[in-house]
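Engineer:
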Amino acid sequence: MPADSRIAPRGASGRTVRGDRDLSRPLPAALSWGVLLGFAALLAGAVLLAVVPWWVAAWYTAWSIVAFASYGVDKAAAKRSAGRVPERTLHLVDLAGGWPGALVAQQLLRHKTRKRSFRRVFWAGVVLNVLALAVALAWWLGR
Numbered sequence: 002m003p004a005d006s007r008i009a010p011r012g013a014s015g016r017t018v019r020g021d022r023d024l025s026r027p028l029p030a031a032l033s034w035g036v037l038l039g040f041a042a043l044l045a046g047a048v049l050l051a052v053v054p055w056w057v058a059a060w061y062t063a064w065s066i067v068a069f070a071s072y073g074v075d076k077a078a079a080k081r082s083a084g085r086v087p088e089r090t091l092h093l094v095d096l097a098g099g100w101p102g103a104l105v106a107q108q109l110l111r112h113k114t115r116k117r118s119f120r121r122v123f124w125a126g127v128v129l130n131v132l133a134l135a136v137a138l139a140w141w142l143g144r
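Residue 2 is where the sequence shown starts when you use this note's numbering, and the numbers rise one by one after that.
1) Can you tell me which of V67, W100, D23 puts its alpha carbon nearest to the alpha carbon of L38?
2) Are three or more beta carbon pairs between the stretch 124-142 and the stretch 40-55 nearer than 8 Å?
3) Let me know if M2 comes out buried or exposed under the rule of 16 or more other beta-carbons within 10 Å of its beta-carbon.
4) Considering only C-alpha positions, which residue in the set W64, L24, K80 is nearest to H92?
5) Quick one: is T114 buried, meaning 16 or more other Cβ sit within 10 Å of its Cβ, or exposed?
6) What residue range does the alpha helix (DSSP H) around G126 cover?
7) Let's test the definition: count the other Cβ atoms within 10 Å of the Cβ of L132 and tell me whether it reaches 16, buried, or not, exposed.
8) In the DSSP output, what is L93 paired with across the bridge?
9) Alpha helix (DSSP H) containing A77: first to last residue?
10) Can you tell me where the alpha helix (DSSP H) with G39 in it begins and where it stops?
11) Given a cut-off of 8 Å on the beta-carbon distance, is the pair D75 and V86 in contact?
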């Protein structure tokens, strides 16, 4: 099969057209890994310096495992054309603190990296989550 026959056609906006799916090029993987590593370093440092309670890191770890598993189940279901995990559920798990695990799943499983509308909501949730942690961090520092 020629390589160009596997490429979906592009619409006037430059985005990939496949039915009603809102596809675009994935963000650079380095961006996702950089955000993840920066967050992990900041959280680990805050826990080690006893600025943040240990359970905050445990919270993110637990929800990240749930998020990774949810993305994995959804990816497997997509391959089988079976019942999918609703995007709303994925976003709620991400917002609850699972976004680091979701980022890892997106990169390793190559899942949910191209749908523009999903990415917008996902990254808005990451920003809200990090801002909430920053406010909590400032509160803990002020005590």
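Built from N, CA and C at the ideal position, the CB exists for glycine as well.
Structural biologist: Taking the structure as given:
1) Taking the sequence shown and counting its residues from 1, one reaches residue 38 at position 37. With distances taken between Cα atoms, L38 lies closest to W100.
2) yes
3) Reading the sequence shown from its first residue, position 1 is the one you call residue 2. With a pLDDT of 48 at M2, under the threshold of 50, the modelled position of this residue cannot be trusted, and the question is left open.
4) If you number the sequence shown from 1, residue 92 lands on position 91. If we check each option's Cα against that of H92, W64 comes out closest.
5) As a working note, residue 114 is residue 113 in the sequence shown. Under this definition T114 is a buried residue.
6) Counted from its first residue, the sequence shown places residue 126 at position 125. That run of the alpha helix (DSSP H) goes 117-143.
7) To locate residue 132, count along the sequence shown from 1; it is residue 131. By the neighbour-count rule (16 or more Cβ atoms within 10 Å), L132 is not buried but exposed.
8) By one-based count along the sequence shown, residue 93 stands at place 92. None, per the DSSP bridge assignment.
9) For the purposes of this step, residue 77 is taken as the residue at position 76 of the sequence shown. Note, A77: alpha helix (DSSP H), 55-81.
10) Looking up residue 39 in the sequence shown gives position 38. Per DSSP, G39 belongs to the alpha helix (DSSP H) from 30-49.
11) Locating residue 75 in the sequence shown gives position 74, where the first residue counts as 1. Locating residue 86 in the sequence shown gives position 85, where the first residue counts as 1. Yes, they are a contact pair.
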